[in-house]
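Protein chains in written order, with the numbering used here: chain A, 896 to 1364; chain B, 875 to 1122; chain C, 22 to 289.
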Amino acid sequence: MSEPIVGTPLRERATQALGDRFLHEALDIATTKFIALRREAFGDFPEGEALRDRARAIKEATLQRLDAHLETLVANIERLGGHVHFATTAEEARQIILDIARRTGARIAVKSKSMATEEIHLNDALEAIGVTPVETDLGEYIIQLAHERPSHIIAPAIHKTKGQVAELFSRELNRPGLAADPEVLTKIAREELREKFLQADLGITGVNFAVAETGTVVLVTNEGNGRMVTSLPRVHVAVMGVEKVIPSMTDLAVFLAILAKSATGQKLSVYTTLVQGPRRPGELEGPEEFHLVLLDNGRIAQIAGALRESLYCLRCGACLNVCPVYRQIGGHAYGYTYPGPIGILLTAMLNGPGSVKDLAHASSLCGACADACPVRIDIPKMLIELRRQVDEQHIAPWPERVVFKTFARLLAHPALYRLGARLGRTLQRPFVRDGRIRSLPYFFGQWTRTRDLPPVAARTFQERWRGLS
Amino acid sequence: MTAPPTARAGAPRRVALMITCLADMFYPEVGERIVRLLRRLGVEVTLPAGQTCCGLPLFNSGYHDEAAAVARRTVAIFRDADAVVVPSGSCAWMVKHEYPGLLRGTPDVADAERLAERTWEFSQLLVRGLGRTEFESAVEGPLAYHDSCHLLRGLHEGESPRVLLRQLKGAQAVPLPGSDECCGFGGSFSVRLPEVSTAILDKKLANLEASGARCLVACDAGCLMQIRGGLLRRNSSLRALHLAEVLK
Amino acid sequence: MDFHKLASDGGAPAPRRPTARTTKLEFLARIRGEMAKTRGLFPASPTERPAQPRQRLDLLRRELSERWPQTLARFRSEFERVAGVFHRVPSAADVPAELERICRERAARRLIAWPAEDLGVAIAPALGDAGIAVESMPRAVPPDPERRRLRALIAEADLGVTGADLAVAETGTLVLVSAAGRPRTTSLVPPCHVAVFDRTALVESLEQVGLVLEAWHDGPAPAERGAVINFITGPSRTADIELTLTRGVHGPKEVHAIFVDGGLGLHG
Chain A
896 MSEPIVGTPL RERATQALGD RFLHEALDIA TTKFIALRRE AFGDFPEGEA LRDRARAIKE
956 ATLQRLDAHL ETLVANIERL GGHVHFATTA EEARQIILDI ARRTGARIAV KSKSMATEEI
1016 HLNDALEAIG VTPVETDLGE YIIQLAHERP SHIIAPAIHK TKGQVAELFS RELNRPGLAA
1076 DPEVLTKIAR EELREKFLQA DLGITGVNFA VAETGTVVLV TNEGNGRMVT SLPRVHVAVM
1136 GVEKVIPSMT DLAVFLAILA KSATGQKLSV YTTLVQGPRR PGELEGPEEF HLVLLDNGRI
1196 AQIAGALRES LYCLRCGACL NVCPVYRQIG GHAYGYTYPG PIGILLTAML NGPGSVKDLA
1256 HASSLCGACA DACPVRIDIP KMLIELRRQV DEQHIAPWPE RVVFKTFARL LAHPALYRLG
1316 ARLGRTLQRP FVRDGRIRSL PYFFGQWTRT RDLPPVAART FQERWRGLS
Chain B
875 MTAPPTARAG APRRVALMIT CLADMFYPEV GERIVRLLRR LGVEVTLPAG QTCCGLPLFN
935 SGYHDEAAAV ARRTVAIFRD ADAVVVPSGS CAWMVKHEYP GLLRGTPDVA DAERLAERTW
995 EFSQLLVRGL GRTEFESAVE GPLAYHDSCH LLRGLHEGES PRVLLRQLKG AQAVPLPGSD
1055 ECCGFGGSFS VRLPEVSTAI LDKKLANLEA SGARCLVACD AGCLMQIRGG LLRRNSSLRA
1115 LHLAEVLK
Chain C
22 MDFHKLASDG GAPAPRRPTA RTTKLEFLAR IRGEMAKTRG LFPASPTERP AQPRQRLDLL
82 RRELSERWPQ TLARFRSEFE RVAGVFHRVP SAADVPAELE RICRERAARR LIAWPAEDLG
142 VAIAPALGDA GIAVESMPRA VPPDPERRRL RALIAEADLG VTGADLAVAE TGTLVLVSAA
202 GRPRTTSLVP PCHVAVFDRT ALVESLEQVG LVLEAWHDGP APAERGAVIN FITGPSRTAD
262 IELTLTRGVH GPKEVHAIFV DGGLGLHG
């Protein structure tokens, strides 16, 4: 699937995605599978509902004392010999990391999957100063070789066939004629990346959770690249949104119990790695330097903002898997780093409500996302709020506002409403055939291109009422 | 607030019908069937005058001041009702879930809360309010039930319509694969992103086909407009009906 | 094609001079400023922590020691569910023979292992007799040439032998705390990982793991403890290519657990 084009409105990107048959099938299979796995995992887990409530409460409670928890976290990381940096903007975060890379003379940086580093567009910046970033999560590795962006938060290369991957590896890794066999391809990736792990000077990761009480940075992976990246290179840089801090190890156990179940239906991901600063004296392996970059980039402004609840997000991807829109169009069509229902909110958080004037409507408000979210984020509510902001700030196109305001007036005055019905009845006459309307001009054609419309009834219910009494 | 009213003083003897704009304009026969059915069950039905819409389309698109004005009107219209019945899960949700919030801080909030408490979605009224679950089927089955999003997730109601369909005499109920998946209507979504809306609809129709049912049953006019619109366009022999059109 | 340029640099920027970096004080002050504007969405508190975790843990261990057979059965079931291979031997003296069997089955000739004191059993002599080389990991960091030799050796090893600090029944998880003599790569780099443990490692649930973690961090860390705690739940895996499950991506392709009925004589 080719990259979306800059400036293409959402609708065009979505339509393009709908036309990609393989993407469509891949999305359907993957999301259906994830939904079933998640359902099974929670079906087998009676404590699950209570734990979701607990997890939500921990997130809210943490925000209510965010400053104290971050201070505790910083103090503990420093006590353990790590360094903490504070980045207000994406640019600042990039500069901090580039400085570390320059100072440590890094040539290769191995990366374990991190949405935060995607968000700040770190890879391009590293390349610009001559540091080669190497994505080590298999899905991320694939799309890095393909020069694409991830199409799903936890399964980034879901849109690629094994044939496409084989072709890609053959070409980019100079290994012609590779079989379209996932086992073979995985083995090749293992070999290639093993080399990189050993050569790399710098390891860059995200952070799933940072436990304030103990200065522990928690990484969750299935492949083991998180462990490699934090054991072999000399320097480890972890990039984290401020909202990832949690108070204690007791709280950590709550999140571990629901995260993997929500994401993939596993009871736990294969590797949960608790990193506590750089290597200790006596340890054969481990980084000599540990850096934690705390990232704002729009999050802090939402502490008291309309999108506060989106700060609870665990980045599990459950909402993507159940979203009827995402399931049809995939991640690229959203056009930003974070796709899917939560992605719309995060995009607004990072770029302001104007950036989602179309995206906020990429939802039928069905609520499946809120249902699936392990921390019960009310995504539809915030989507409506974003729509309200778009309206309030006059970002919505003026014809739309005129239509809605007119509609509102109609609803406020029953006489106008009844007039509207009579008008509809008259205007529709040329288009009604066999009791249905198959095509309408202008804006209404958006419906009738693919669906019939019922005609306005000869007598509305309220007009018939007298006859019924 | 989103829970169905508890039948405190026994089953309601008198309900006010909130007809909803879609049913009023496009599906008045659904309203007629509800009135006849309830009367047969010994319930008096009134129709407060001057109804327009619950305001959900305005609310969903972010026009909250305008939605609040509509809410105020609706609350006033239904002020004297002891019980209100709505043939649409989304409208019932709007009244029960959003009206109090929209009118918070205004003199109408108490009335809004009272209205929210006294409002029933149609299937809920039959099963939970009146305790009536056995009806004859007006159509040939098999029938498959589609959960409308606001009824299922907003009002946490998936049981009442299923009870009614399971106990129908004269038609069999079959499960609909992906019954809890959206039909793609979403109000203005259906015309803002019509290609996506249609793709979602296609999936629903494929599931309907796979279910072996002859007829899909739903409790929401928006869903019906979308699904029926798709079936008709494809000249399908399958139908989509409101629950009220199925119960005799 | 460059759609990522659509996404700009981020939300509410604080006005800054171009080269200045945000200090901790400034950062936290901004957070406090925003926090002051709201009481939050609902009353909420973090999970209650155990008041005296070490004592609570001792109590828990006593309780667990009474029902360890059930816990073990559950561990085995969950471990196998995530494709772990479970073994059981009567005593520590039987471990080398079991290991030798495992090695023969996959033609493993070069092993890396935790030192005998950390495993609770000496495996090198018996395996050496069988022609299988065992390199015990050093307890102190050796000088560079030796470190390079070790690194190369680790990269070529067929199998890594470790102990396990915890075996979690709910999820089939092995928990390994890194330390001097217990490097991270032993359970990560070779294609096969074998963990040897006894009943003292068994805990039932993730909730109990939370208690253990609290206890481990209650008071100063022991000097030899390392900087990483690894939870291992089955072999390394991915389904990133067409959702087809493959094992042994970056971590081991196989994980074995040898349970020693008679105990390993380690401090629990």
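Every residue gets a Cβ at the ideal spot worked out from N, C-alpha and C, and that includes glycine. Predicted model, so just to flag it, every value in this text is computed and none were measured.
- Chain-order list of chain A residues neighbouring B:HIS971: empty, with the shortest C-beta distance near 10 Å, by a criterion of under 7 Å.
- Annotation: A:GLY1098 is outside any alpha helix (DSSP H); the continuous beta strand (DSSP E) that includes it extends over 1097-1100.
- Scanning the segment 1047-1132 of chain A for uninterrupted alpha helix (DSSP H) segments of 4 residues or longer gives 1057-1067, 1077-1094, 1120-1124, listed from N- to C-terminal end.
- For B:HIS1020, the number of other beta carbons within 10 angstroms of its own is at least 16, and it is reported as buried.
- For the segment 959-971 of chain A, residues whose beta-carbon sits nearer than 7 Å to a beta-carbon of chain C comprise GLN959, LEU961, ASP962, LEU965, GLU966, VAL969.
- Looking from the CA of C:ARG95, the closest CA among C:ALA118, C:LEU223, C:PRO273, C:ALA114 belongs to C:LEU223.
- When CB distances to chain A are screened at a threshold of 8 Å, the residues of the segment 1061-1074 of chain B falling below it are GLY1061, SER1062, PHE1063, SER1064, VAL1065, ARG1066, LEU1067, PRO1068, GLU1069, VAL1070, SER1071, THR1072, ALA1073, ILE1074, in chain order.
- In this chain, the beta strand (DSSP E) harbouring C:VAL198 covers 194-200.
- DSSP places A:TYR1166 within a strand segment (E or B) once states are collapsed to three.
- Among the residues facing chain A, B:SER1085 is not included, as its CB has no counterpart in that chain under 8 Å away.
- The residue from A:THR1116, A:ALA1303, A:LEU958 with its alpha-carbon nearest to that of A:SER1009 is A:THR1116.
- Here DSSP, grouped into helix, strand and coil, assigns B:ASN1081 to helix.
- Interface residue (Cβ-Cβ distance to chain C less than 8 Å): A:LEU1179 is classified as such.
- Taking 9 Å as the upper bound on Cβ-Cβ separation, chain B lies near residues ASP1253, ALA1255, HIS1256, ALA1257, SER1258, SER1259, LEU1260, CYS1261, GLY1262, ALA1263, ALA1265, ASP1266 of the segment 1243-1268 of chain A.
- Counting along the chain, the unbroken alpha helix (DSSP H) around A:TRP1293 starts and ends at 1293-1307.
- From the beta-carbon of A:ARG1085, the residues of chain C found nearer than 8 Å are GLY269, VAL270, HIS271.
- By the criterion of a C-beta distance shorter than 6 Å, B:VAL1001 is surrounded in its chain by THR1007, SER1034, VAL1037, once the five residues flanking it on both sides are discounted.
- A distance of 8 Å or more separates the beta carbons of C:GLU55 and A:ALA1023.
- Judged by beta-carbon spacing, A:VAL1130 lies within the 8 Å limit of A:GLU1183, meaning their Cβ atoms are closer than that value.
- Cβ neighbours of A:VAL1217 within its own chain (closer than 8 Å, five residues either side excluded): THR926, ILE930, ALA1263, CYS1264, ASP1266, ALA1267.
- Under the three-pair Cβ rule at 8 Å, the segment 989-1006 of chain A counts as touching the segment 1024-1040 of chain A.
- For C:GLU263, the closest Cβ of chain A is nearer than 8 Å.
- Counting only Cβ-Cβ distances below 7 Å, A:LEU1318 has no contacts in chain B at all, with the closest Cβ about 12 Å away.
- Assigned with DSSP and collapsed to three states, C:SER98 falls in helix.
- Contact annotation: in the segment 1149-1173 of chain A, residues whose CB is within less than 9 Å of a CB in chain C are VAL1149, LEU1151, ALA1152, ALA1155, THR1159, GLN1161, LYS1162, LEU1163, SER1164, VAL1165, TYR1166, THR1167, THR1168, LEU1169, VAL1170, GLN1171, GLY1172, PRO1173.
- Contact between the segment 950-958 of chain A and the segment 1166-1174 of chain A is not established, with fewer than three Cβ pairs separated by less than 8 Å.
- Against chain B, a Cβ distance below 7 Å from A:VAL1220 picks out VAL1070.
- Contact check for A:MET1135 and A:VAL1188: beta-carbon distance about 7 Å, within the 8 Å limit, so the pair qualifies.
- DSSP places A:ASN1018 in the helix class (H, G or I) of the three-state scheme.
- In this structure, DSSP gives C:PRO204 a state outside helix and strand, which the three-state scheme calls coil.
- For A:LYS1276, the uninterrupted alpha helix (DSSP H) run begins and ends at 1274-1287, by DSSP.
- Under the three-state reduction of DSSP output, A:LEU1363 falls in the helix class.
- Put simply, the CB of C:HIS238 is near chain A, with a gap under 8 Å to one of its CB atoms.
- Using beta-carbon distances, A:LYS1057 counts as an interface residue toward chain C, with a partner under 8 Å.
- If you compare the alpha carbons of C:ARG42, C:PHE218, C:PRO212, C:VAL162 with that of C:HIS108, the shortest gap goes to C:PHE218.
- Using beta-carbon distances, C:PHE48 counts as an interface residue toward chain A, with a partner under 8 Å.
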